[in-house]
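Undergrad: Residue numbers (full-length UniProt numbering): 1 to 156.
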């Protein structure tokens, strides 16, 4: 079993953001984090899941993903995402990331678990620290789809 904890953060929402990931397989542990100059917390929460799945090198084991994001967990486990796909994502946000999630998640058996944030779970707390640290200190990458959407919506 592969265990993944993810968290996302945005200061200002939108504003500088980051994500943090803690991955475990047996005794092995890997941490991944990145920052973006302008994004939202929901984008960072979803980006963390996508990046975590992109890190995997095998599909042999079930993947358990733990997140404190109701947006991510409910969208997948309550069937919202499936309905969005059927309706062509009409009026939905973060379509670029949801499409990427659908692509990268295909080969895996994924079980999502919601965890209460800031409740003392060591791996969740670590992800939160990584995400906030990257949001605050960078280095900051550009969330191009988000910034393009923001810029085009500010034209008129």
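Just so you know, even glycine gets a beta-carbon here, dropped at the ideal spot from N, CA and C. These numbers were taken from a predicted model, which means no experiment stands behind them.
Alpha helix (DSSP H) containing residue 134: first to last residue?
TA: Note, residue 134: alpha helix (DSSP H), 122 to 137.
Undergrad: Please report how far the alpha carbon of residue 19 lies from the alpha carbon of residue 75, in whole angstroms.
TA: Near 19 Å, if we compare the C-alpha coordinates of residue 75 and residue 19.
Undergrad: Suppose only complete runs of 3+ residues qualify. What are the beta strand (DSSP E) ranges in the segment 16 to 103, listed by chain order?
TA: Entirely contained in the segment 16 to 103, the beta strand (DSSP E) runs reaching 3 residues are, in chain order, 28 to 39, 63 to 67.
Undergrad: Start and end of the beta strand (DSSP E) containing residue 12?
TA: Unbroken run through residue 12: none, as it is neither H nor E.
Undergrad: Measuring only the C-alpha atoms, how far is residue 51 from residue 120?
TA: The straight-line gap from Cα to Cα measures roughly 24 Å.
Undergrad: Across which residues does DSSP place residue 143 in a beta bridge pair?
TA: Residue 143 pairs with nothing; no bridge assigned.
Undergrad: Contact between the segment 35 to 44 and the segment 134 to 143: three or more CB pairs below 8 Å?
TA: The answer is yes - the segment 134 to 143 touches the segment 35 to 44, with three or more Cβ pairs under 8 Å.
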